[in-house]
Structures are given as C-alpha cells and as structure tokens.
Amino acid sequence: MEINLSYFLLIFFLLLSTSIFAVSALNLDGTTLLSLTRHWNVVPPSIRISWNSSDATPCSWVGVHCNPHNFVNELNFSSFGISGKLGPEIAHLKHLQSIDFNNNIFSGSIPSELGNCSFLNLLDLSENSFSGEIPESIGKLHKLEFLSLYSNALTGTIPESLFQIPLLSTIYLSKNNLTGSIPSVIGNMSNLEFLDLGYNQLSGIIPFSIGNCILLQELYLNNNSLIGSLPNSLKNLKQLVYLDVNTNYLSGRIPLGIRGCEKLESLILSYNRFTGSLPLELGNCKSLTTFTAISCGLSGPIPSSLGQLTELIYLYLSENTLSGEIPPELGKCKALIDLRLSKNQLEGEIPSELGMLNELQNLWLYTNRLSGEIPISIWKIKSLQNLIVYENNLTGEIPNEITELKQLSTIYLFENQFTGIIPQGLGVNSSLVVVDFTRNKFNGPIPPNLCFRKQLTKLLLGQNNFRGNIPSGIGSCSTLERLILKQNNLTGVLPQFVINSNLSFVDLSNNSISGSIPSSLGYLTNVTSIDLSFNKLTGRVPQELGKLVNLEVLSLSHNGLEGELPSQLSSCRKLSKLDVSYNMLNGRIPSSFRSLRELSTLDLNENRLKGGFPTFLFQLGKLSYLQLGANLLSGDITPGLEIGSQSLMFLNFSNNNLTGHVPLELRKLTMLEQIDICCNSFSGNLEVFGELKSLVVVNVSYNAFTGHVPPALIKLLISSPSSFIHNSDLCVNCPAEGCLGNITFRSCNQVPKKGEGLKHVHIALIVSTTTLLAIALILGISYVLLRHKRRERDFLVSNEEGAPSLLNQVMEATENLNDMYIIGKGAHGTVYKVALSPNKVYALKKIAFVGFRGGNTSMVREIQTIGKVRHRNLSKLEDFWLRKEYGLILYTYMENGSLYDVLHGTHPLPSLGWNIRYNIALGTAQGLSYLHFDCDPAIVHRDIKPMNILLDLDFEPHISDFGIAKLLDESVAAAQSSTVKGTIGYMAPEMAFSTRSTKESDVYAYGIVLLELITRKKVLDPSFGRDVDIIGWARSLWNETEDIETIMDSTLVDEFIDPIIKEQVKDVLLLALRCTEKEPGLRPSMRDVVKQLLLFNPKCGSKHM
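Okay, structure coming up:
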C-alpha cells in the first residue's frame, strides 16, 4: 500500500513539473505578442482562440509568421478589427521584417520604439486612427522598402529622415493632416517608385530635386495647398506613369518639359491656377489614357495635337476659358470614353468627326458658345450614355436615330434653339433617367414612352411649344422625382397618378389643361411642390391633397376651380405657400388653417369666399404675404386681435364688404411694408397706419375714413394721392402752404360743416380730461419707479452677497462654471451649456466688465432694454445676474450651434441645401432690420458674424450678442483710450478711421455672412491667396466670369438643375456684393435687404400686389 502511494505521488509530481515547464516554455517573442494585447480594447475571436500561452512558440498563431529559427518575422493583422493602441513592446520583436496592420481601429500615437526594429522592410499602418506626429525614429529603419501610413489622423511635418532611407521605394502618407513643406532631401531617394502625399495640408513648392527620383512611377500630391509652378525637372522622370497634382494653388504655365512623358498614362492637373494655353507637346505623351485639367485657368485653343493620343480614354478640360473651335482631330482618339469640354468659351459647330468615337459614353459640351446642329454622326454613337450640351446656341431637330441609342440615360439640351418634334419612339429602347429639354422651341406631342423602362427620375420639358395631352405613362412613372412641363401648349386632362414616394416637384403651370384635379395627386406622398396655375382646370380642390404631409408649395391660381377650400389642407403642416387666387372658390376660409404654422404666403385673391374676416390668420408666426382681396368677406374685424406674426410684410383685403374700424392691434405688424384695404366700408381714423414704420405702400381709398392723415403718411399721400381718395371726411394738417406740392386735398383748417363746432367742444373737453389723467398717471409712475429703483439697488446688493434660486440651479448644473460645460468662447466671453432638466436647456454667457462707465444701475438698464427686445430671429434673453467684474446672461439654448459651426466647424459638415441657406439669410436680415428700424432707440449690433448667428433645431437663425458689444465697448473704454469695434475680417472699411459703429457697418458685415453662406468659405480662406479676403475674391471672380458656379459652394450644383434656384443664388450674390461696397452710402439698408430677399424667392409671393 505504501509502495503504491509513493508511486502515485511520483507520477503526480512528474506531471505537475511537465505542466509547469509547458507553461513557461513560450518563447520571448510569444510573451511579447501577448503583452501587446493588453493595449487592445477589442481582441478578435480568431486571436483569442489561436494565441495559446501554453504553446512553445507563437509560430502557429493566426497573423504570425516565423523564420526557420522560430523568431517572429512577419505580423499580418490586416482587417482583423483590432481596436486599441500599439504598445512599445513591439520593439522587442528584433527579427521583424514585415508589419501589416492595415484596416483596423488602432489609435493613439505610433510608438517611436518601432525605429529599433532594424530588419523591418515593410510597415503598413494604413486605414487606422493613429494620431500625433510621424516618429523621427522611423528614419533609422535603413532596410525599409515599403511604408504606408495613409488614412489616419497624423499631424505635424514629414520628417526629413524618411527621405533618407536608402532602400525605400514606396511611401503612402495620404489622407492625414500633415503640414509643412515637402522636404527638399526627397531628391536623395534614388530607389523611390511610388509616392502618395495627397489629401493633406502640405504647403510650399514642389521641390526641384524631385527630378532626381528617376525611378518614380507614381506621384500623387493632390488636395494640398502647394504653390508655385510645376518644376521643369519633371522631364527627368522617364518612368513616370501617374502624376496627380489636382486641387492645389499651383500657378504658372504647364511646363513644356512635360514632353518627356513617353510612359505617362495619367496626368491630373485640375483645380489649380495655371495660366496660358495647353502645350502642343502634350501630343507626345502617346501612352496617356487620362488627362484632366478642370478649372485650371487655361486659355487659348485646344491643341489639335491631342488627336495623337490614341490611347486616351478620359479628357476633361471643363471650367476654363478655352476658346476657338473644337479640333476635329479629337475624332482620332478612338479609345475615348469620356469627353468633357463644358463651361469654356468654345464656339463654332460641333465637328462631325466626334462621331468616329465609337466607344464614347459621355459627351459634355454645356455652357459654351457652340452653334449649328448636332452632327448626325453623334446621334449614331451606340455607346453614348450621357449627352449634356445645354446653354449653347445649338439649332436643328432631333433625328430618329436617337431612338436607337440603347445606352442613352441622360440628355440635357436646355437653353438652346432646338426645334421640331421629338421622335415619338424615344424611351422605348433606352433606359432614360434624365430628360431636360427646357427653354427650346420644340413642338408637337410629348413622346408617350419616356418612362417605358421605369428608370426616369427627371422630366423637364418646360418653356417650349409642346401640344396635346400629357401622356398617361408620366402619371404611372413611379420612379419620377421632378416633373416640369410648364409654359407649353398642353391640353386635355391631367393623367391619373400612381403611388409614388419619389416625386417631389410638379410644375404643369401655364398650359391649357382642362378637367378636374385628379384625387390621385394624393398618392404623391413625398411631393413638396405642386404648381397647376394658369390652366383651365375646373371642379373642386380635392380633399385628398390633405394627405400630402410634406407639401410646402401649392399653387392653383388662375383656373376655374369652384366649391369650398377643403379643411383637410390644414394637415399639410409643412405648407409655406398656398395660392388659389383667381378662381371661383366659395364658402368660408377654413378655421383649421390656423394650424398651418409654416405658412408664409397665402393668396386667396379674386374668389367668392365669404364670411367674417379670418382673424386667426394673424396668429401664423411665419406669415409674410396675405392676399384676401376681391372676395365677399363682410362685417367688422373683431377687435382684440392676437397678432402672432412678426414677419407680415404684405397685407391686402381690398374689394370686400368689411366695415367698422381697423383694429389698433395692426400696429404690432412692425415689418408691414404694403397694405391695401381699398373698396370696403371702413370708418374711423388712420392713426394705426401712421404707426407702421416700415410702410412704403398704402391704399385706403373708397372707404369712410375720417380725421387727419397722420404725418408719417404724408409722403405716401404725395406719391400716390389716388390711394387716399373717396374718404370724404379725411383731411390734412398742412404746416405750410404748398407742402403737398401740386396735390389737392382737403385741409383740416377749413371751416367745419354744421354740427362740427359742437364736436370740437366735445373734443376739447376730452383732451382736457385726458391731460389731467395723464399728469396723474405720470405722478403715479414716478412713485412706482422710485420704489423700483430702491428694489433694483437691493437686487444688485443681494446679487453681490448671495445668488437667487435660479442662479443657484445654474451654478449647480454647471458645477460652478466648470470648463467641461463650455460650448464656445468668443470676443464677448465664455458660453456654457446649462441643462436644468431634459426640457429646460439654456446657454449661459459669462462676460467680463473692466469698468463699466455707467455703473451697475446703468448696466442693469442696458441689459433690461436688451431683454425687452423680442423678435423670432433674435436670441431670447431669459435672465441675468451681475457682479462687480463680470456678468452672467442666460439665453435660450440653440440645438444646431452657430452658423460658423455648420459652415466651417463641425465634422462632418452637415448638408445645407439652398432653401436652408436662403432662410438663414432672410431670417438674419429680418432680425437686423428689426434692430435697426423697429427698436427705439435703434440698436446697432457692431459684431455681425457667423459665430453670432445661432441656429435652432429647424435651422431658424437667431442673432445673439446684440447690444452686448456696446456694453463691452463702454466697459473697455473706461480702461483704455481706443477700442476695436467688431471682428477682423468683418469690419467695414470706414471702421479704420472711426470707432463709431453704424447701421451701414452692420450691413457690410451681413454681406460677408451672405458670401460665406453661398461659398461655404471662411472670410479669410487660405485658398484666396495672400492679402485677399472673401469680398475681393468673390468680386474678382464675378467680374471676370459672371459665372455663379465658379464662386458658390460646389455641393449646391445638383440643385442648379432648377434654373430658378440658380437665379436666386446669383441674385443673393449680387446683393452680398452691394452690401459690401466700400462706400457706406452705396449699401442698401437692412430693410431694403429684406425686401430684395423676399422678391428673389418665389415662395414669398411678393413680386406682385
């Protein structure tokens, strides 16, 4: 028994020692690899399963390769999904020759210890999130041949030591944030074959020494900020296959030295600032397959020598000022697939030789000066997919050959002089996607099968002479997104529509379409705009339109519609424009329209609508245009109106049967510019109109108004006396003889008629009584104010000793203004986010007062004045607290931050369509106009800039810091003799000679904001060049080209398919240039700016009375 026990113990200890030996047997490379995983947040399952610490070596582990001596010499973790950092322990793997960590989620810095891996010949850390600088120590890897660090977040300069590694043949550093210049020592790299430095922030010139890299095959320097010219030394690069320098600031001529390019296949020069013409020697680059020189500043003719490039596949020369004719020799480039010569100054006819390009898929010749017919040979290119030749002077008819182009998908012919009938078979054999024939002279019927293959997205045939019915296939085209057939001679009835969630825009206006509006329009679930105006439609407005919850514009004017307006339209909560004028609608205006909170234009003119005046419409906060004229509305306008609209600029309820007094509440319409109430039976006086400070047009004729014309209306009376006629008891208090010029109007000084003397006695008694009451009221107010001042002093003392309850909540929510709650810093202080609850979020601004001149009482008065200013485009001041050296001001929080954030600051930048930008421009202008003209005294902002324009959840703008700049200027002025008013880049020129800010200087700064909205460039953008600001850059480009697309943000190009939007952007640009005139007197007032912006946008409906 004892022997058996001893034997068992011996076996147990042998097994235990074997197990211990096995655990400790993993070699040093293996333990190093395990230590690397301690830095990882995510370890892939394949590694967890494979990497066994009980193995003797890691040579069988996934991603690991060893040499014959069991030392790790290769690590390949490409696309493993590893997250975390790369630990310095990797330097312990002394035999490493290859590291491939491509496409993972590594972060942090690249460990400098990598420089100790002296046998390394391949290092690939691309497509990760490494940050920091490239370690200098990598330059010690003298055996390195391949280095790839692209697509990370690396910063700093490129170490010169990288370009001194003798064997290095491949360097990929693109898509980082590297700065500085390209080191000139690059010329020492005799083995360099591939160099990619694109998509960084590199500056300076391309070193001349790069010509010493004679083995270089691929050179990518694109999307940087390089300047200077292309070095002539490039001619030494005989092995060069790819050269890409696009999107830099390179200048000078394209060097003739590029003729040493026998192997060059791809030459990308686009988006630079070259000058001169294309060198003839380009024809010697016989291997060239891709040549792009878009927007390069090139001029002169297209060299015929390009016809020698028989291997050429892509030729892009758009957006230059190339002139002359298209060389017919281009027809010899038999391999050409894509030819783009658009937006130049090319003239003459399209050469028929282009029809020899049998592989051609894309032909872009738009926006030139081409004339004549499109050669029949081009209509026979079977491979043609996209033909874009709009904005030329092309003529002729479209031949039947177009129907045989089976690959054709996009055809833009708009703004030419084409005539004739479109071949009726178009679309049967082609998978058409876009057809745009707008503004030509086509006639005949619309081809019936344009959507035969169910891929058509845009059908734009407006402003031609098409006749006949709209084909039924258009209504059943479920892929359609935009349908514009306006201004033709179309007849018949509207087609039935199928369920379509793609169609967003329908314009069939200005035709002779008859019949009723089909209820199937309710199937267009995502439509935003429908225009059926100026037709011959009859019947009722279908209630099914109420299903269109995304509808923003509905225009049915100038038809023969009858019946009542359906109340279901109130379900279209996004509706901003409703125009049903010039019909025969009857019944009452639905009270449910009060829920149309986005409505800005409502035109019900020239119908038979009846009932009382719809006072609820004044509650619509965004309403700017209200036209109710020429209806059958009757009765008094109920007093005690609730005025919710601060933006109403046009008001017309003329030619009705309205009676009584005009309600005094209308004086709250501070933005109102035009009002027409003629041809009613109103009575009373005109005092309310005299208080409308923005009024420029008024018509009160053919009523029963009495009393004197208010002084504020005298100018309007002189300019348009007919607007006041047929009010028999209306008179003028004329201070001097002839004050009305040649206008004859009854004077209030004339002898009163019988009974008027007694009336004057009554008036005198009333005035006397009123005066006594006023004196008593003043004494009472004085007493209250004295008590209030005493309380105000107590308030300030209590603020210096102990905070009120709301301030306690604010300080608690921000942990006593902890930096972690800071959301912005600016010239006027620091801003904190204050979340008291999920539904109570504020922005708190802390501003320092060096020594406010007026003392705390004056400071309180100033801030209280600011707090009383109310406008939907001004930030709302909620509360404030003062200390001796600083103040805290509480504002409503804005979810989308500042305009600066959405234009320049956030990453990725949000998409901003033109409608959003226009609304920001308009809202900002309306807010500024209110400060300038509707506040007493007027408020000059002094520091208009994108950072002071805040955006709520709907991107509605709210101007912040109005009045604050004045406070701080006075505060600083107590401590120093001179101050700068405003922000550098936004200050008007006259501010260099004066410290007094004016309304005109606000207009100047606003003009710069407009330019930033259009271009999405900063006021001092490095792309403008030295000493050039956004005004000089935009004005210079416009004067040179008059082409809005060279100036505006390229992301807006897709919207330019709608010419109305293109015209709007151009109009706003010209307005911005007017606002930024050097002479203050040449700038418009902000009131004029608002007026112009409303005229630019057809949605506002204020282009006509």
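Going by the working numbering, the sequence shown wraps up at 1106, each residue one higher than the last.
Every residue, glycine too, gets a C-beta built ideally from N, C-alpha and C.
For a test of the three-state rule: what should DSSP assign to residue i, helix, strand or coil?
i     : result
H761  : Because H761 carries a pLDDT of 39, less than 50, the predicted location of this residue cannot be relied on, and the following value inherits that uncertainty. Three-state DSSP puts H761 in a helix.
E553  : coil
M992  : helix
R370  : strand
L778  : Only weak support exists for where L778 lies, its pLDDT of 43 falling under 50; the value from the coordinates is given anyway. Here L778 sits in helix by DSSP.
I676  : strand
C732  : strand
C67   : strand
H143  : coil
Y626  : strand
Q346  : strand
F506  : strand
R574  : coil
H559  : coil
F654  : coil
V785  : With a pLDDT of 37 at V785, under the threshold of 50, the modelled position of this residue cannot be trusted; read the value that follows with caution. Reduced to three states, the DSSP call for V785 is helix.
E282  : helix
D1022 : coil
V663  : coil
L621  : coil
K455  : coil
N237  : helix
L773  : At L773 the pLDDT is 39, less than 50, meaning the model places this residue with poor confidence; the figure from the coordinates comes in the next sentence. L773 falls in the helix class under three-state DSSP.
Report yes if the CB atom of residue i is closer than 9 angstroms to the CB atom of residue j, and no otherwise.
i     : j     : result
E563  : T539  : yes
I187  : I211  : yes
K407  : K383  : yes
D935  : T671  : yes
L603  : F614  : no
K834  : L818  : no
F195  : E161  : no
D30   : N71   : yes
H942  : S1086 : no
I518  : L525  : no
K344  : Y367  : yes
L673  : L642  : no
Y1007 : L929  : yes
Q98   : F131  : no
G88   : P112  : yes
Assuming residue i contacts residue j under a Cβ cut-off of 8 angstroms, what Cβ separation, rounded to an integer in Å, is found between them?
i     : j     : result
L395  : S372  : 7 angstroms
W52   : L34   : 7 angstroms
I1048 : T1016 : 6 angstroms
S505  : R483  : 7 angstroms
N393  : N363  : No, N393 and N363 are not in contact; Cβ-Cβ is about 17 angstroms, not under 8 angstroms.
L687  : V710  : 6 angstroms
Given this structure, state the Cα-to-Cα distance separating residue i from residue j, to the nearest angstrom.
i     : j     : result
P449  : E350  : 31 angstroms
S1002 : A1035 : 19 angstroms
G1026 : N237  : 30 angstroms
I295  : L313  : 16 angstroms
R589  : F683  : 21 angstroms
F1190 : P45   : Any property of residue 1190 remains undetermined from this structure, which presents the chain solely from 2 to 1106.
D902  : E896  : 11 angstroms
N800  : Q569  : Any reading at N800 needs caution, since the residue's pLDDT is 37, under 50, leaving its predicted position unreliable; the model's value is listed next. Each residue's Cα considered, the two are about 54 angstroms apart.
F209  : L179  : 21 angstroms
L807  : D880  : 9 angstroms
L665  : L731  : 18 angstroms
P376  : P352  : 7 angstroms
(request) Ignoring anything shorter than 4 residues or poking outside the stretch 905-961, list the alpha helix (DSSP H) runs there in chain order. (result) Counting only runs that start and end inside the stretch 905-961, the alpha helix (DSSP H) elements of at least 4 residues fall at 915-934.
(request) Jot down the residue ranges of each uninterrupted beta strand (DSSP E) in the stretch 95-127, minimum 3 residues, whole runs only, in chain order. (result) Entirely contained in the stretch 95-127, the beta strand (DSSP E) runs reaching 3 residues are, in chain order, 99-101, 106-110, 123-125.
(message) Ignoring anything shorter than 3 residues, give me the beta strand (DSSP E) runs that lie fully in the stretch 387-453, in order along the chain.
(response) Runs of the beta strand (DSSP E) inside the stretch 387-453: 387-389, 394-396, 411-413, 420-422, 435-437, 442-445.
(request) Please go through the stretch 1030-1075 and give each complete alpha helix (DSSP H) segment of 4 or more residues, from N-terminal end onward. (result) When DSSP assignments are scanned along the stretch 1030-1075, the uninterrupted stretches of alpha helix (DSSP H) that are 4 or more residues long and fall wholly within it turn out to be 1031-1042.
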